[in-house]
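Engineer: Letter by letter, the sequence shown follows residues 987 to 1137 of our numbering.
Think of the CB as a built atom: it goes at the ideal place given N, C-alpha and C, for glycine as much as any other residue.
Predicted, not measured: the structure shown is a model, and the values here were computed from it.
I am attaching a structure below and will ask some questions about it afterwards.
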Amino acid sequence: MSPGRTPERARLRRTRLALWLAVAAAVVVIAINEIGHARATQTLQTLSERFERRLIVTRLWRQMLEAESGQRGFLLTGRDSYLQPYRAALLEMEDSMHRLQSLHRDERQLAPQILSIEETTRQKMAELATTIELYLDGRNEQWHELMMSDI
């Protein structure tokens, strides 16, 4: 062996190299872990937004059924008490549509679907309101024809 190269020095060099390799490996593992965490967080956020959208659409559908039920109860009985659930459902439907729109501001691919849901909802609300107006005006034949038309 050469005088400057003792087994301790060689071992020390290997130890330093091993230390640097261990640090580099740790940095790589941490980076991979952080990337995986970021992806998992994004996936959870996406799933949460999808669930929220489905929940709002389901609520909107339920509110539409409640409005229609109140409208029909009023038309069948003439009792104003049926208009209260009808009016409450209309207000809730407006709120649901605003919430649905706010969830989709950044998602252009869903805009046509949201527009379709909004348009269909507004058409149904207009039909419900028209039948009630016709009833209140005493135009029984017209509101009855409108309801029977299955629009």
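Quick one: Cα of Gln-1028 to Cα of Glu-1035, how far?
Structural biologist: Within the sequence shown, residue 1028 is the residue found at index 42, counting from 1. Within the sequence shown, residue 1035 is the residue found at index 49, counting from 1. About 11 Å.
Engineer: If you run the structure through DSSP and keep just helix, strand and coil, what is Met-987?
Structural biologist: Taking the first residue of the sequence shown as position 1, residue 987 is located at position 1. Low local confidence applies: a pLDDT of 49 at Met-987 is under 50, so the model's placement there is unreliable, and no value is given.
Engineer: Roughly how many angstroms lie between the CA atoms of Ile-1021 and Leu-1033, to the nearest whole one?
Structural biologist: As a first step, residue 1021 must be located in the sequence shown, where it is residue number 35. As a first step, residue 1033 must be located in the sequence shown, where it is residue number 47. Taking the straight line joining both Cα atoms gives about 18 Å.
Engineer: Rounded C-beta distance between Gln-1099 and Ala-1075? I'm assuming under 8 Å.
Structural biologist: The count along the sequence shown starts at 1 and reaches residue 1099 at position 113. The count along the sequence shown starts at 1 and reaches residue 1075 at position 89. Going by Cβ atoms, the distance from Gln-1099 to Ala-1075 rounds to 22 Å, so no, they are not a contact pair.
Engineer: So, is Ala-1097 buried or exposed, given that buried needs 16 or more other C-beta atoms within 10 angstroms?
Structural biologist: If you number the sequence shown from 1, residue 1097 lands on position 111. Label assigned to Ala-1097: exposed.
Engineer: How many angstroms separate the CA atom of Ser-1067 from the CA atom of Glu-1104?
Structural biologist: For the purposes of this step, residue 1067 is taken as the residue at position 81 of the sequence shown. For the purposes of this step, residue 1104 is taken as the residue at position 118 of the sequence shown. Cα to Cα, the separation comes out at about 27 Å.
Engineer: Quick check: what's the CA-CA separation for Asn-1126 versus Gln-1057?
Structural biologist: Here residue 1126 corresponds to residue number 140 of the sequence shown, with the count starting at 1. Here residue 1057 corresponds to residue number 71 of the sequence shown, with the count starting at 1. C-alpha separation (whole angstroms): 14 Å.
Engineer: Report, in whole angstroms, the separation of the C-beta atoms of Ile-1042 and Arg-1085, which I expect to be a contact under 8 Å.
Structural biologist: Counting from 1 along the sequence shown, the entry for residue 1042 is found at position 56. Counting from 1 along the sequence shown, the entry for residue 1085 is found at position 99. With 8 Å as the limit, Ile-1042 and Arg-1085 qualify as a contact, their Cβ atoms being about 5 Å apart.
Engineer: Among Leu-1051, Val-1009, Ser-1082 and Thr-1106, which residue has its Cα nearest to the Cα of Pro-1071?
Structural biologist: For the purposes of this step, residue 1071 is identified with residue 85 of the sequence shown, where counting begins at 1. Comparing Cα positions, the closest option is Leu-1051.
Engineer: At which residues does the alpha helix (DSSP H) containing Asp-1081 begin and terminate?
Structural biologist: The count along the sequence shown starts at 1 and reaches residue 1081 at position 95. 1069-1089 is the span of the alpha helix (DSSP H), which, as asked, contains Asp-1081.
Engineer: Going by other Cβ atoms of all chains shown within 10 Å of its Cβ, with 16 needed for buried, is Met-987 buried or exposed?
Structural biologist: Position 1 of the sequence shown holds residue 987. Annotation note: pLDDT 49 at Met-987 (below 50); position unreliable, no value reported.
Engineer: For the candidate residues Leu-1132, Gly-1064 and Gln-1109, whose alpha-carbon lies nearest to that of Leu-1122?
Structural biologist: Working through the sequence shown from its first residue, we reach residue 1122 at position 136. If we check each option's Cα against that of Leu-1122, Gly-1064 comes out closest.
Engineer: Three-state secondary structure (DSSP) at Gly-1124?
Structural biologist: Within the sequence shown, the letter at position 138 stands for residue 1124. Coil at Gly-1124, not helix or strand.
Engineer: What's the C-alpha gap between Leu-1069 and Phe-1060?
Structural biologist: Within the sequence shown, residue 1069 is the residue found at index 83, counting from 1. Within the sequence shown, residue 1060 is the residue found at index 74, counting from 1. Approximately 6 Å, taken between the alpha carbons.
Engineer: So, at 8 Å on beta carbons, what are the nonlocal neighbours of Arg-1045 in its own chain, with the 5 sequence-adjacent residues on each side left out?
Structural biologist: If you number the sequence shown from 1, residue 1045 lands on position 59. These residues qualify, in order along the chain: Glu-1078 and Ser-1082.
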